[in-house]
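The next block holds one structure in the form of structure tokens; read it before the comments.
Residue numbers (the working numbering), protein chains in the order written: chain A, 1 to 363; chain B, 1001 to 1307.
Put into structure tokens, the structure is as follows:
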């Protein structure tokens, strides 16, 4: 709930109406109007960043973004605010990006596919089987965010914060325990995603390209037999009702972020930008933690609903990892430069050396 | 006597009668507690139920929103008490679930969502407890991840009132718990039950099941399975069934459909139409229309939050 909707309350309107109905003198009415007017007509921040997202109002994502907006307004004396358009009411990601280009919106909460449209280099973070647990992702962000922020800035955008989707798993009608099982699938491909296309090609799977909106029906009709998605999204999309199995190894980690145009960002006075930056760091960290927790809860809910978890043996995991390496090589020079991939791999090597492991996949 | 919930207009409308009814309820409650034997219980329940039905009906005919806002909480407790005491009485359970839902939606949810969640939770429980005595419901609830078509087809038209008011509470409870994956997962189940209600009796309560399905279809983004076009069509069917007299459907249309398609003109014009509608459009559900007007004004005042 935003400040304005929290301040406004329906009883207040009823008080006004009751008083009007009882026919009080004009002076009395004016007193009432004057008393409530300042809170009813809530002042719009001088600098308001308009941001669209697919996350529905009432979701943890939106709740934390509303908290961020409240904090930003409070600490900038109401000068700066973040106005979120939830639930995809501004359209899907391609439409949101078009609206940003025409200035109707200032930014968006985007998934990897949307972020890849404006800065393809970032997709290096979504390579299959790249990350093996949350600590590795945190390690890379800590050491390489300034690099990613520069990439985004050069593309015309300022990063407000990472809002990752989380680890992505296979959900299928039949068990998938091996690479051979995967080959036999009619696997959904999010159409227009070059990274997923490369992965499925290297895995030897004939993908079925579909928009997200067609997936549910296609699972019902058998046009596709498996999908890849985070546990939380699997529940939100209700796909868990149409599958029987999930594999216990994530195929990738899906990123997400809230970005605004440099133009809109730089219109905010410098002192306020520092305040927004500080608060964004705090609230996006809270959001990342909440998303990790909700994905874990979702995985449990899906298991409780009868979807069985299929264990992938260590030998098969190695086989799948080799696909990840092939994909990383194939996309070098297409989505990201070799140096960026090398830096990510080098940092991950350092992370694993420090942890004293070669990296155990999240299960 | 079984209430025809599609035609709540029945009996006197004056408040003297309402007070008489409440007095009767109080005496009945005391008698039941003091005597408490089986025969007395039967007599008491046969006396109580029509009185409670009349009370709920006269409440829905009320024109003064404030009277109801202040008066309903005590009556909710009374209704709940009776529903729990006579736990096999279907009419009491329906009245209780309906009253909890209506009060939470009309008076509480917009400004005290946490409290509304508790009220919906109670309304849902009161309905569910009796549904659990029916074979098809137990069977459907045990089926995972969702009930099968075969089981859903066991639901009959006579099941609609209790199932619908239970679902009404359940749906709104889920919508207030979108930060809980376990709650969100229940939506698939709720939508299947609601789909069956619409197959059996779409015109129930002036078409409220249609308006509820339409709200859900617009509530979710298209990317997450929302269907704005189907939503619009279901809203239009609800308007038709209600003869365009149930103003709250228009409020839901503005709140869910017009917002979903990001059409500010649709939003504003629909809500202005609600505010300008005649006061005596639907005397038997006057309260709903008063609440609709109140909410329409609130949504217009806060429209900058959405557009």
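Glycine included, C-beta positions come from ideal geometry on N, C-alpha and C.
* At least one CB of chain A closer than 7 Å to the CB of residue 1144 of chain B: is that the case? -> Here the question's residue 1144 of chain B lines up with position 144 in the second chain. Using a Cβ-Cβ cut-off of 7 Å, residue 1144 of chain B counts as an interface residue toward chain A, since at least one Cβ of chain A sits closer than that to its own.
* chain A within 7 Å of residue 1024 of chain B, Cβ atoms only -> Position 24 of the second chain, counted from the start, is the residue given in the question as residue 1024 of chain B. Bear in mind that a pLDDT of 47 at residue 1024 of chain B, under 50, signals an unreliable position, so the number given afterwards is only what the model happens to contain. No, residue 1024 of chain B does not count as interfacial toward chain A.
* To do: Find the nearest neighbour of residue 98 of chain A within the set A:118, A:79 and A:87, judged by alpha-carbon distance.
  => Residue numbering aside, residue 98 of chain A sits at position 98 when the first chain is read from its first letter. Of A:118, A:79 and A:87, the residue nearest in Cα terms is A:118.
* Taking residue 252 of chain A as the reference, give the member of A:186, A:228 and A:259 with the closest Cα. => By one-based count along the first chain, residue 252 of chain A stands at place 252. Closest by C-alpha distance to residue 252 of chain A, out of A:186, A:228 and A:259, is A:228.
* Top-ranked residue by Cα proximity to residue 410 of chain A, from A:78, A:90, A:152 and A:72 -> Beyond the ends of chain A as shown, which are 1 and 363, falls residue 410 of chain A; an answer cannot be given.
* In chain B, which residues lie with their C-beta within 9 Å of the C-beta of residue 240 of chain A? -> Stepping through the first chain from its first residue, residue 240 of chain A is reached at position 240. In chain order: 1145, 1185 and 1188.
* To do: Provide the residue span of the beta strand (DSSP E) that contains residue 83 of chain A, from first to last.
  => Translated into positions along the first chain, residue 83 of chain A becomes position 83. 80-85 is the extent of the beta strand (DSSP E) around residue 83 of chain A.
* Spatial neighbours of residue 35 of chain A in its chain, beta-carbon cut-off 8 Å, leaving aside the 5 residues before and after -> To locate residue 35 of chain A, count along the first chain from 1; it is residue 35. Only weak support is given to the placement of residue 35 of chain A: the predicted model assigns it a pLDDT of 33, under 50, and the question is left unresolved by the model.
* Beta-carbon of residue 237 of chain A versus every beta-carbon of chain B: anything under 7 Å? -> Mapped onto the first chain, residue 237 of chain A falls at position 237. Residue 237 of chain A counts as touching chain B.
* Asked: Mind listing which residues of the region 208-222 of chain A have their C-beta closer than 7 Å to chain B's C-betas, in chain order?
  -> Only 212, 213 and 216 from the region 208-222 of chain A bring a Cβ to less than 7 Å from some Cβ of chain B.
* Taking the Cβ atom as the reference point for each residue, do residue 81 of chain A and residue 45 of chain A lie within a distance shorter than 7 Å? -> Residue mapping note: residue 81 of chain A aligns to position 81 of the first chain, counting from 1. Residue mapping note: residue 45 of chain A aligns to position 45 of the first chain, counting from 1. Yes, Cβ-Cβ distance for residue 81 of chain A and residue 45 of chain A is below 7 Å.
* Shorter than 7 Å from the beta carbon of residue 112 of chain A to some beta carbon of chain B? -> The residue given as residue 112 of chain A occupies position 112 in the first chain. Not flagged as an interface residue toward chain B: residue 112 of chain A, since no C-beta distance is shorter than 7 Å.
* Of the residues that make up the region 82-105 of chain A, which ones have a beta carbon closer than 7 Å to any beta carbon in chain B? -> Among the residues of the region 82-105 of chain A, those with a Cβ less than 7 Å away from any Cβ of chain B are 87, 88, 89, 90 and 92, in the order of the chain.
* Is the number of C-beta pairs between the region 183-194 of chain A and the region 207-214 of chain A that are closer than 8 Å three or more? -> Enough Cβ pairs lie closer than 8 Å, so yes.
* **Near-chain A residues of the region 1206-1225 of chain B - C-beta to any C-beta below 8 Å** => Going along the region 1206-1225 of chain B in chain order, one finds 1219, 1220, 1221, 1222, 1223, 1224 and 1225 with a Cβ nearer than 8 Å to chain A.
* **Residues bridged to residue 209 of chain A (per DSSP)** => Here residue 209 of chain A corresponds to residue number 209 of the first chain, with the count starting at 1. Paired residue(s): A:189.
* Own chain, CB closer than 6 Å to residue 1113 of chain B, minus 5 neighbours either side, in chain order -> Position 113 of the second chain holds residue 1113 of chain B. Scanning its chain for C-beta atoms nearer than 6 Å, with the 5 sequence neighbours on each side dropped, one finds around residue 1113 of chain B the residues 1176, in chain order.
* **Within chain A, partners of residue 1296 of chain B - CB distance below 7 Å** => Against the second chain, residue 1296 of chain B aligns to sequence position 296. Within chain A, not a single residue places a beta-carbon under 7 Å from that of residue 1296 of chain B; the smallest gap is close to 10 Å.
* Can you list the alpha helix (DSSP H) stretches of 4 or more residues lying completely in the region 1251-1283 of chain B, in chain order? -> Runs of the alpha helix (DSSP H) lying entirely within the region 1251-1283 of chain B, each at least 4 residues long, are 1264-1276 in chain order.
* To do: In the DSSP assignment, find the unbroken alpha helix (DSSP H) run with residue 1306 of chain B in it and report its ends.
  => Position 306 of the second chain holds residue 1306 of chain B. It is not in any alpha helix (DSSP H) - residue 1306 of chain B carries neither H nor E in the DSSP assignment.
* **Status (buried if at least 16 other CB within 10 Å, exposed otherwise) for residue 278 of chain A** => Here residue 278 of chain A is taken as the residue at index 278 of the first chain, counted from 1. When all chains shown are included, residue 278 of chain A counts as exposed.
* Taking just the CA atoms, how far does residue 1121 of chain B sit from residue 1099 of chain B? -> Here the question's residue 1099 of chain B lines up with position 99 in the second chain. Here the question's residue 1121 of chain B lines up with position 121 in the second chain. The straight-line gap from Cα to Cα measures roughly 13 Å.
* Would you say residue 1078 of chain B reaches chain A, if we count a Cβ-Cβ gap shorter than 7 Å as a contact? -> Position 78 of the second chain, counted from the start, is the residue given in the question as residue 1078 of chain B. Chain A, which has no Cβ nearer than 7 Å to the Cβ of residue 1078 of chain B, makes this no.
* **Endpoints, the alpha helix (DSSP H) within which residue 1130 of chain B is located** => For the purposes of this step, residue 1130 of chain B is identified with residue 130 of the second chain, where counting begins at 1. Per DSSP, residue 1130 of chain B belongs to the alpha helix (DSSP H) from 1113-1131.
* Are residue 106 of chain A and residue 303 of chain A touching if we call contact CB-CB under 7 Å? -> Along the first chain, read from residue 1 onward, the residue named residue 106 of chain A stands at position 106. Along the first chain, read from residue 1 onward, the residue named residue 303 of chain A stands at position 303. The beta carbons of residue 106 of chain A and residue 303 of chain A sit no closer together than 7 Å.
* Is DSSP giving residue 257 of chain A helix, strand or coil here? -> Residue numbering aside, residue 257 of chain A sits at position 257 when the first chain is read from its first letter. Under the three-state reduction of DSSP output, residue 257 of chain A falls in the strand class.
* To do: Counting only the same chain and skipping the five closest in sequence on each side, list residues whose C-beta sits under 8 Å from that of residue 1228 of chain B.
  => Reading the second chain from its first residue, position 228 is the one you call residue 1228 of chain B. Excluding sequence positions up to five before and after residue 1228 of chain B, its CB lies within less than 8 Å of the CB of 1217, 1218, 1222, 1257, 1260 and 1261, all in the same chain and listed in chain order.
* To do: Please determine if the region 1204-1211 of chain B and the region 1240-1247 of chain B are in contact, where contact requires at least 3 C-beta pairs separated by less than 8 Å.
  => Enough Cβ pairs lie closer than 8 Å, so yes.
* To do: Taking a Cβ distance cut-off of 9 Å, strictly less, list which residues of the region 1261-1288 of chain B are near chain A, in chain order.
  => Residues of the region 1261-1288 of chain B with a Cβ closer than 9 Å to any Cβ of chain A, in chain order: 1261 and 1262.
* To do: Sort out for me which residues DSSP pairs residue 157 of chain A with in a bridge.
  => For this step, residue 157 of chain A is matched to residue 157 along the first chain. In DSSP, residue 157 of chain A forms a bridge with A:261.
* **residue 248 of chain A versus A:313, A:344, A:332 and A:60, residue with shortest Cα-Cα distance** => Here residue 248 of chain A refers to the residue found at position 248 when the first chain is read from its first residue. Answer by Cα proximity: A:313.
* Asked: What do you get for residue 183 of chain A, buried or exposed, if any count of 16 or more other CB atoms within 10 angstroms of its CB means buried?
  -> As a first step, residue 183 of chain A must be located in the first chain, where it is residue number 183. Flag for residue 183 of chain A reads exposed.
* Asked: According to the neighbour-count rule (16 or more other Cβ atoms, all chains shown, within 10 Å of its Cβ), is residue 308 of chain A buried or exposed?
  -> Residue numbering aside, residue 308 of chain A sits at position 308 when the first chain is read from its first letter. Looking at its Cβ environment, which holds fewer than 16 other Cβ atoms inside 10 Å, residue 308 of chain A is exposed.
* Asked: From residue 157 of chain A to residue 1125 of chain B, what does the alpha carbon distance come to, in whole angstroms?
  -> Indexing the first chain from 1 puts residue 157 of chain A at position 157. Indexing the second chain from 1 puts residue 1125 of chain B at position 125. Roughly 49 Å between the two C-alpha positions.
* Neighbouring residues, chain B, relative to residue 137 of chain A (Cβ below 8 Å) -> Against the first chain, residue 137 of chain A aligns to sequence position 137. Near residue 137 of chain A there are no residues of chain B at all, since even the closest Cβ is about 21 Å away, more than 8 Å.
* To do: Tell me whether residue 1191 of chain B is buried or exposed, calling it buried when 16 or more other Cβ atoms sit within 10 Å of its Cβ.
  => For the purposes of this step, residue 1191 of chain B is identified with residue 191 of the second chain, where counting begins at 1. That one is buried.
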